[in-house]
Each structure stands twice: as C-alpha cells, then as structure tokens.
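In our numbering, the protein residues as written are 648 to 947. Using N, Cα and C, we set each Cβ at its ideal position, and we do this for glycine too. Before any comments, here is the structure.
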C-alpha cells in the first residue's frame, strides 16, 4: 500500500473528502508532518489511530484538548470532529491510519460487528482516547497501532491478515479498558459539536461572501453570543477568526496552482489587498508572493 502524506480536505460540512483505502481493503496509512501543514478541523466515518514519532502536538476532539509527545498516540471514534496542531513548533510527525469499521467487524450481521464494532461506534463515552506509553494496556495499544501501520506500509506476505489482526487487538484493548480510558463528552459539548458542524458547513459554503458573526449564528438558529461561546468552547477561536483562517487556507491552495494573487484574494472574500497580504503573512509566516516562490522551489 502506498504511503501518503496527510493532506486533509473537507466538504461543506467539515467531513473529510479523502477516500481511505479501497472497498476491498478500507484502510489508508499516512505520515503526518506538521512542518508542512496542520490537520484542520474535520470528521469522517472511519476510525482513526496514530502514534507520535517526533515532537509533540495538540490534539483536539470535540471540546477536549490534550498535548501528546513522541511515543504517545490516540484513537478517535467515527464521526467525531477533531483537529491537530504542532505544539510550539516542535516539528511533530506521526504515523496515522484511518480505517473503516468493517475491516475489523466484517459484515453487519457478523458477531464481530454486532457484539463489538456497532457498540463501539455508538458508545456515548467513547469519542477519543489519548494513549500513553506509561500505561501498560495503552502501551500495548500503541504497539498494535504501529504494528498495523508497518504491515500496511511494508506489505509483507499476508499483510492484510497482519493488519486486521493488529487492529482487532487494538479494539479488544479498548473494550477491555473502556471504563478507565474513554473521554466522555457532556450532552452540552455534544450539542455544541453538532452546532459547530452546521456553522462550519455554512462558512465553507459561503466563505467568499461578506459573512458576519450574525449570519454564521443564524445558520445554526442560535444567537451571536451563543455562537461565540460555542466556537470558543469547541475549537478555541471566534467565528470570524475561523473564517479568516479558512479563507487563507483556500487562498494558499489556489496560489499553489499559480493563480493571480489579486484574483485569489477576491475569490476568497478579501476585498482589500493590503488586508489580504497582512492576514496571509500572519497565518502563513510569509507574503503571498513569497509563498508562491517557496512552492515553486519545493517542486523543482
């Protein structure tokens, strides 16, 4: 299986667009490098597991945030809104996998799916689990994740069985230690996460327009103050700040395709070129012109 660098892209609801693996073997492995890009807020149907190989990162899922260091890892359940960022420019990198539950659970009428995978997917206290080398069962879980990742990327004989066996061991370890490991989100935080999905969808669909906190709040049928609280509680920023970050992300992607800078600015909702340049430098550490040159040099 080809190893890929993480390049998370999302649809208008924040759902990841990337297909993970194939229908016969629904798993994909990535080597995430935060020196190149963070992992933006997104969600997907697949389960996700990872081991930090270098540096440290901030992992956020719902309204919870944890700092993970080299040797640590995490498990994220299906449908959970999450993102990850480098911690203090540590140069974080990690081995990650996204895999469909049927890879371990099989068909919907199998005992594996009905007795283990379906309850795992719907368990109210199992949104995500940070994993540490210092906890014996979590160390075993990290070893299972790395074993599956290595088998998947190196493809030794019968590697599909090796991958499935390692992931089955991971599921067993999670189930066997569920009461002490799961991060339980309150009903309020779960409601906030659903509202955030709606508001992110509105922003992603309409970021080219002149959005306001009021229009973003109205998309989720809540007040401006409630939208501000929800954004700060869930993703740690304001709706307008997130909007600017998303616009700059889209602009950077367009600049890599060699679009004209003024056209990119207008297309991404910036009517003032000086403000666009200032915002771009603030978030990317360079001007749009410098960014284009860096991209050219990296692809020579």
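- If you ignore the 5 residues before and after residue 939, its C-beta comes within less than 6 Å of the C-beta of 902, all in its own chain and listed in chain order.
- Per DSSP, residue 855 lies in no alpha helix (DSSP H) and is assigned neither H nor E.
- Annotated three-state conformation of residue 749 is helix, per DSSP.
- Residue range 775 to 778 is occupied by the beta strand (DSSP E) that includes residue 775.
- Secondary structure of residue 915 (DSSP, three-state): coil.
- In this structure, DSSP gives residue 818 a helical state, which the three-state scheme calls helix.
- When beta bridges are read from the DSSP output, residue 727 appears opposite no residue.
- Put simply, of 708, 709 and 715 the residue whose alpha carbon is nearest the alpha carbon of residue 702 is 715.
- In the DSSP assignment, residue 716 falls within the beta strand (DSSP E) that extends over 711 to 716.
- Around the C-beta of residue 927, 16 or more other C-beta atoms lie within 10 Å, and the residue is accordingly described as buried.
- Per the coordinates, the alpha-carbon of residue 915 lies some 46 Å from the alpha-carbon of residue 809.
- With a 10 Å radius around the Cβ and a threshold of 16 neighbouring Cβ atoms, residue 912 comes out buried.
- Here residue 877 is buried. Its C-beta has 16 or more other C-beta atoms within 10 Å.
- Residue 691 carries a coil assignment under DSSP once its states are collapsed to helix, strand and coil.
- Contact between residue 742 and residue 686 fails: their C-beta atoms lie close to 14 Å from each other, not under 8 Å.
- For residue 877, the enclosing alpha helix (DSSP H) has its first and last residue at 871 to 882.
- Sorting 839, 721, 879 and 728 by C-alpha distance to the C-alpha of residue 820 places 721 at the top.
- For the 7 Å CB-CB criterion, residue 813 and residue 795 form a contact.
- Two segments are said to touch when three or more pairs of C-beta atoms, one from each, lie closer than 8 Å; by this definition the stretch 836 to 849 touches the stretch 860 to 869.
- Judged by pairs of C-beta atoms under 8 Å, the stretch 670 to 682 touches the stretch 730 to 748, as three or more such pairs exist.
- The straight-line gap separating the alpha-carbon atoms of residue 909 and residue 936 is approximately 11 Å.
- For the 7 Å CB-CB criterion, residue 751 and residue 836 do not form a contact.
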